[in-house]
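Undergrad:
Numbering (this note's numbering), first residue to last: 383 to 703.
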């Protein structure tokens, strides 16, 4: 079972990250697994202990290349192999908005399903965001939740996300909800909390009109690893995945990261989910990633960006300062 990644995909396939592995394939993947098991129908599933690490991604890529080669795609616009699922192999697609609608129509709901709907009703009513702009994902959406599962919701649109963010802050101040911070990134994002006896998490998905590029519009060329500090100039796409921060005031932190003016990145793009929404406009951040040359194949215009989460190094991050 895969999580679809991003908003631009090659014809006939989707970029995706492997999340759940059937028991019969477990021995093919030489990684550390969580002790917990999931069941989807009659299929027993396992999950990597650490989902989004460079080492695990390379292990997944090696296994797919050897045992499931149709899931490996060489992207000519990025010049590298990427895990992707052929649409001809897809048996079912779980869309968060539709999953919530299905959940709402269920005649017999268990305790977590009821709590999930109650939580969406609460934040929808308090924020004024229509119920139809919410979705549910995670194990509840897949129908394989347990008494250990969380409430995972999404909201569609950047404007709705900011409304939801403010609403949850208001409900925390009122004592209806509480935040749960496991580390400094949790504290920066404010995306996780407690509703009654359950942990909840919320994230954002672009609305169709917010998808501003298509596959093959740009060519991306990796230049070099860079480490720097900068100021967030615009955070209006920081809540999505990939998360994009427009930046200014680039300051290298080592001699290898000193760049000419024309090569200075105008944005930081994080493929790693935990770096979504960790900084707002005007904040300073420290970045370690890969400088990319981006060419618009229509116009020939060139700009530079820094990508965090290339799958090549564990030392790629975005830290709020």
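Just so you know, even glycine gets a beta-carbon here, dropped at the ideal spot from N, CA and C.
Using only CA atoms, which one of 582, 589, 651 lies nearest to residue 616?
TA: Here residue 616 corresponds to residue number 234 of the chain shown, with the count starting at 1. Nearest option by C-alpha distance: 651.
Undergrad: Short check: CB of residue 588 to CB of residue 655, under 9 angstroms?
TA: Taking the chain shown and counting its residues from 1, one reaches residue 588 at position 206. Taking the chain shown and counting its residues from 1, one reaches residue 655 at position 273. No, the pair does not count as a contact, with Cβ atoms beyond the cut-off.
Undergrad: Restricting to Cα atoms, I'd like to know which of 648, 472, 679 is closest to residue 689.
TA: Residue 689 sits at position 307 when you count from the first residue of the chain shown. Considering only alpha carbons, the answer is 648.
Undergrad: Please go through the same chain and pick out, in chain order, the residues whose beta-carbon is closer than 7 angstroms to the beta-carbon of residue 697, but skip the five residues on each side of it.
TA: The residue you call residue 697 lines up with position 315 of the chain shown. Counting only Cβ-Cβ distances below 7 angstroms, and skipping sequence neighbours, we find 670.
Undergrad: By Cβ distance, which residues of its chain are closer than 8 angstroms to residue 426, with the 5 residues on each side in sequence left out?
TA: Walking along the chain shown from the start, residue 426 turns up at place 44. Correct list, in chain order: 404, 405, 419, 420.
Undergrad: In chain order, what are the residue ranges of uninterrupted beta strand (DSSP E) at least 3 long that sit wholly in the region 599–641?
TA: For the region 599–641, whole beta strand (DSSP E) runs of length 3 or above, ordered along the chain, are 600–619, 625–634.
Undergrad: Under 8 angstroms: do the region 603–613 and the region 546–560 share three or more Cβ pairs, one atom per stretch?
TA: Flag = no, the region 603–613 and the region 546–560 do not touch.
Undergrad: Under 8 angstroms: do the region 655–664 and the region 634–645 share three or more Cβ pairs, one atom per stretch?
TA: Taking 8 angstroms as the limit for Cβ pairs, the verdict is that the region 634–645 does not touch the region 655–664.
Undergrad: Is the region 493–501 touching the region 540–557 in the sense that three or more CB pairs, one from each, lie closer than 8 angstroms?
TA: Touching, no, given that fewer than three Cβ pairs across the two stretches are closer than 8 angstroms.
Undergrad: When the Cβ atoms of the region 530–544 are set against those of the region 582–596, are three or more pairs found closer than 8 angstroms?
TA: Verdict: yes, contact present.
Undergrad: Pick from 567, 407, 449, 568: whose alpha carbon is nearest that of residue 430?
TA: Within the chain shown, numbered from 1, the residue matching residue 430 stands at position 48. Measuring from the Cα of residue 430, the nearest candidate turns out to be 407.
Undergrad: Am I right that residue 470 and residue 396 are in contact with their C-beta atoms under 8 angstroms? What's the rounded C-beta distance?
TA: Locating residue 470 in the chain shown gives position 88, counting from the first residue. Locating residue 396 in the chain shown gives position 14, counting from the first residue. Actually they do not touch by this definition, with Cβ atoms about 11 angstroms apart.
Undergrad: Run through DSSP, which three-state label would residue 583 get?
TA: Position 201 of the chain shown, counted from the first residue, corresponds to residue 583. Three-state DSSP puts residue 583 in a strand.
Undergrad: For the alpha helix (DSSP H) containing residue 473, name the first residue and the last one.
TA: Sequence index remark: in the chain shown, residue 473 carries index 91 (1-based). Per DSSP, residue 473 belongs to no alpha helix (DSSP H) and is neither H nor E.
Undergrad: Taking residue 464 and residue 532 to be in contact with their CB atoms under 8 angstroms, please state how far apart those CB atoms are, rounded to whole angstroms.
TA: The sequence position of residue 464 within the chain shown is 82, counting from 1. The sequence position of residue 532 within the chain shown is 150, counting from 1. The Cβ separation is near 29 angstroms, so there is no contact.
Undergrad: Taking residue 635 as the reference, which of 624, 480, 612, 438 has the closest Cα?
TA: Within the chain shown, numbered from 1, the residue matching residue 635 stands at position 253. That would be 612, whose Cα lies nearest to the Cα of residue 635.
Undergrad: Using only CA atoms, which one of 631, 653, 399 lies nearest to residue 668?
TA: On the chain shown, position 286 is the one that residue 668 refers to. The residue with the shortest Cα to Cα distance from residue 668 is 631.
Undergrad: For a test of the three-state rule: what should DSSP assign to residue 432, helix, strand or coil?
TA: Indexing the chain shown from 1 puts residue 432 at position 50. If DSSP states are grouped into helix, strand and coil, residue 432 belongs with coil.
Undergrad: Give a yes or no on contact between the region 479–494 and the region 518–531, applying the rule of three or more CB pairs nearer than 8 angstroms.
TA: Judged by Cβ distances under 8 angstroms, the region 479–494 makes contact with the region 518–531, as three or more pairs qualify.
Undergrad: Which residues does DSSP pair with residue 688 in a beta bridge?
TA: In the chain shown, the residue the question calls residue 688 occupies position 306. Bridge partners of residue 688: 650, 673.
Undergrad: Could you give the distance in angstroms between the alpha-carbon of residue 571 and the alpha-carbon of residue 584?
TA: As a working mapping, residue 571 is identified with position 189 in the chain shown. As a working mapping, residue 584 is identified with position 202 in the chain shown. So the alpha carbons of these two residues sit roughly 10 angstroms apart.
Undergrad: Buried or exposed for residue 633, going by 16 or more other Cβ atoms inside 10 Å?
TA: Reading the chain shown from its first residue, position 251 is the one you call residue 633. Exposed, by the Cβ-count rule.
Undergrad: Only counting the same chain, and skipping five residues up and downstream in sequence, which positions put a Cβ closer than 8 angstroms to that of residue 411?
TA: Along the chain shown, read from residue 1 onward, the residue named residue 411 stands at position 29. Around residue 411: 403, 430, 441, 442, 445.
Undergrad: How about residue 399 and residue 415: do their beta carbons lie closer than 9 angstroms?
TA: Taking the first residue of the chain shown as position 1, residue 399 is located at position 17. Taking the first residue of the chain shown as position 1, residue 415 is located at position 33. Taking 9 angstroms as the Cβ cut-off, residue 399 and residue 415 do not qualify as a contacting pair.
Undergrad: Could you give the first and the last residue of the continuous alpha helix (DSSP H) run that contains residue 569?
TA: Along the chain shown, read from residue 1 onward, the residue named residue 569 stands at position 187. Here the alpha helix (DSSP H) through residue 569 covers 566–571.
Undergrad: Going along the chain, which residues of its own chain have a beta-carbon closer than 8 angstroms to the beta-carbon of residue 476, five neighbours each way excluded?
TA: Working through the chain shown from its first residue, we reach residue 476 at position 94. These residues qualify, in order along the chain: 519, 523, 524.
Undergrad: Who are the Cβ neighbours of residue 692 in its own chain at under 6 angstroms, not counting the five residues just before and after it?
TA: On the chain shown, residue 692 is found 310 positions in, with the first residue counted as 1. So the qualifying residues of the chain are 672.
Undergrad: Using C-beta distances below 8 angstroms, list every residue in its chain close to residue 508, excluding the 5 sequence neighbours before and after it, in chain order.
TA: Counted from its first residue, the chain shown places residue 508 at position 126. So the qualifying residues of the chain are 549, 552, 553.
Undergrad: With residue 478 as the anchor, note down where its alpha helix (DSSP H) starts and where it stops.
TA: In the chain shown, the residue the question calls residue 478 occupies position 96. It spans 478–487 - the alpha helix (DSSP H) in which residue 478 sits, taken as one unbroken run.
Undergrad: Looking only at DSSP bridge pairs, what is residue 457 linked to?
TA: Position 75 of the chain shown, counting from 1, holds the residue named residue 457. DSSP output for residue 457 lists 462 as bridge partner(s).
Undergrad: Do you know offhand how far residue 461's Cα is from residue 579's?
TA: Along the chain shown, one-based indexing puts residue 461 at 79. Along the chain shown, one-based indexing puts residue 579 at 197. If you take the alpha carbons of residue 461 and residue 579, they lie about 47 angstroms apart.
Undergrad: Taking just the CA atoms, how far does residue 479 sit from residue 510?
TA: Here residue 510 refers to the residue found at position 128 when the chain shown is read from its first residue. Here residue 479 refers to the residue found at position 97 when the chain shown is read from its first residue. Cα-Cα distance, rounded: 17 angstroms.
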